[in-house]
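Structure record follows, encoded as structure tokens.
2 protein chains.
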Amino acid sequence: MSLRHAILVLLQDQEASGYDLAREFANSIGLVWNATHQQIYLELGKLNDQNMVKFRHIPQDGKPDKKLYRITEEGRDELIRWLRKPAAPPRIRDAFMVKIAGGALSDSSSILRELDDQADLRRERLHTFEALARKLDEQGRDKDLFTYLTLRRGILDQQAWLHWADEVKTALNKREILSTSA
Amino acid sequence: MSLRHAILVLLQDQEASGYDLAREFANSIGLVWNATHQQIYLELGKLNDQNMVKFRHIPQDGKPDKKLYRITEEGRDELIRWLRKPAAPPRIRDAFMVKIAGGALSDSSSILRELDDQADLRRERLHTFEALARKLDEQGRDKDLFTYLTLRRGILDQQAWLHWADEVKTALNKREILSTSA
DNA sequence: ACTACTTATTCAACGGATTGCGCAGCAATA
DNA sequence: TATTGCTGCGCAATCCGTTGAATAAGTAGT
Numbered sequence: 193m194s195l196r197h198a199i200l201v202l203l204q205d206q207e208a209s210g211y212d213l214a215r216e217f218a219n220s221i222g223l224v225w226n227a228t229h230q231q232i233y234l235e236l237g238k239l240n241d242q243n244m245v246k247f248r249h250i251p252q253d254g255k256p257d258k259k260l261y262r263i264t265e266e267g268r269d270e271l272i273r274w275l276r277k278p279a280a281p282p283r284i285r286d287a288f289m290v291k292i293a294g295g296a297l298s299d300s301s302s303i304l305r306e307l308d309d310q311a312d313l314r315r316e317r318l319h320t321f322e323a324l325a326r327k328l329d330e331q332g333r334d335k336d337l338f339t340y341l342t343l344r345r346g347i348l349d350q351q352a353w354l355h356w357a358d359e360v361k362t363a364l365n366k367r368e369i370l371s372t373s374a
Numbered sequence: 193m194s195l196r197h198a199i200l201v202l203l204q205d206q207e208a209s210g211y212d213l214a215r216e217f218a219n220s221i222g223l224v225w226n227a228t229h230q231q232i233y234l235e236l237g238k239l240n241d242q243n244m245v246k247f248r249h250i251p252q253d254g255k256p257d258k259k260l261y262r263i264t265e266e267g268r269d270e271l272i273r274w275l276r277k278p279a280a281p282p283r284i285r286d287a288f289m290v291k292i293a294g295g296a297l298s299d300s301s302s303i304l305r306e307l308d309d310q311a312d313l314r315r316e317r318l319h320t321f322e323a324l325a326r327k328l329d330e331q332g333r334d335k336d337l338f339t340y341l342t343l344r345r346g347i348l349d350q351q352a353w354l355h356w357a358d359e360v361k362t363a364l365n366k367r368e369i370l371s372t373s374a
């Protein structure tokens, strides 16, 4: 139940619209928490009802009107309170891994195909994360240390995954050879 | 929506009660998918209504009666169908990481404290996974190759996490020194 | 000219997940 | 003796999340 807190974190430094936040959830924070725009708008509504955020209405021409949200004192208090108490360990729900665990039922080729698809995705992520980390490093990483550390987490995660994928490949290939030669 | 499939995977090799499954979700499969007993009993009910599983009633003395579930033909078909179509990428929701991203608001000491707690948990997991992997290795890992690969995933994951935690520590310590000497 | 994408917000329906509770008896420990 | 813990099942309320759609106007590409 901490979509609200992720939003409050984002609103710490800047005033933003629901749309802006949705974009950030698709990029930066998406690394550690994801949410769709529907969820975000809903949560912003609740946060507003509870006086954690307030907004001002910005009419625009050429584009639809928007609401720019900013965090309130109460919101900041709530965020700090939340930061202080220990976080619940993340619940793991990885469908692809369930497939691996049940892999005895599938044939190796279809596993390998999906493994490659997932690996492509991870490799892509790895490159974007590395590019962002490099950019931060050039600017002196201390300014945005926590963004940098978050990126490092993502990078190490992708690398570990890709390493695992290699292990799977070699294991399945060895197996393939054994079963065809038998 | 694949708690059902995780259950079907478990029922592949053995007949089991809801209670048995709950235990396995707390251990082996819990590595990749977790669920509480309420969810499991509910899902078993649904699976039974859809003829994916069937059960027999086992009266016991000393202990409460139980229901032993086993997978049906239909259930196996459904599982195979699911295994064939690509899995959606897992959505990430890591509250602790949200805290890191919002870390500028907390003080280093409280972050470090929580980091240590999480690290203890990860180290503990790492040891249990490694012990299980070693046991499988002795028995010749090919028999249970997919369990072995799942464990390897868990091991690499914990190692990557712990490595990251070290990076965070050194980064925050360096920072601490800079701010106190200034 | 038509299609597709971007900006911007919101509603409605459904299903999945969490939290809290309740029952029931046995075994072991403090 | 009281409490905790294990085996075993289940219901109900609520909340969270996903999917799908609607509205509305501008811009860019085929």
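Quick mapping for you: the protein sequence lines, in order, are chains A and B. For the first sequence, this note's numbering assigns the number 193 to the initial residue and increments by one for each residue that follows. For the second sequence, this note's numbering assigns the number 193 to the initial residue and increments by one for each residue that follows. Each residue gets a CB set at the ideal place from its N, CA and C atoms; glycine is no exception.
Along the stretch 265-294 of chain A, going in chain order, the ones with a CB nearer than 9 Å to a CB of chain B are R268, L271, I272, W274, L275, R276, P278, A279, A280, P281, P282, R283, I284, R285, D286, A287, F288, M289, V290, K291, I292, A293, G294. Shortest Cα-Cα distance from B:L304 to any of B:E368, B:A208, B:Q206, B:Q230 involves B:E368.
Look at A:S301: its C-beta is not under 8 Å from any C-beta on chain B.
Rounded to whole angstroms, B:Q242 and A:N226 show a C-alpha spacing of 33 Å.
At the C-beta level, A:A214 and A:I232 come within 8 Å of one another.
For A:K246, the enclosing beta strand (DSSP E) stretches over residues 245-250. When only Cα atoms are considered, B:I292 and B:P251 end up about 51 Å apart. Close CB contacts of A:E322 within its chain, under the 7 Å cut and outside five residues either way in sequence, are with I347 (chain order). The beta carbon of B:H229 sits no closer than 8 Å to any beta carbon of chain A. Residue environment: B:H197 is assigned as buried (16 or more neighbouring CB atoms within 10 Å of its CB, all protein chains considered).
Note that the C-beta distance between B:L364 and A:A363 is not below 8 Å. Taking 8 Å as the cut-off, the beta carbon of B:L307 is found closer than this to the beta carbon of B:A357. Only residues of its own chain outside the window of five on either side were considered, and among them E306, Q310 have a CB closer than 8 Å to the CB of B:F288, listed in chain order. Residue state for B:I303 is assigned as helix, using DSSP reduced to three classes. Within the model, the alpha-carbon separation for B:I263 versus B:L200 is close to 7 Å.
In the structure shown, B:R262 falls within a strand segment according to DSSP collapsed to helix, strand and coil. Shown here, A:R283 sits in coil according to DSSP, grouped into three states, outside any helix or strand.
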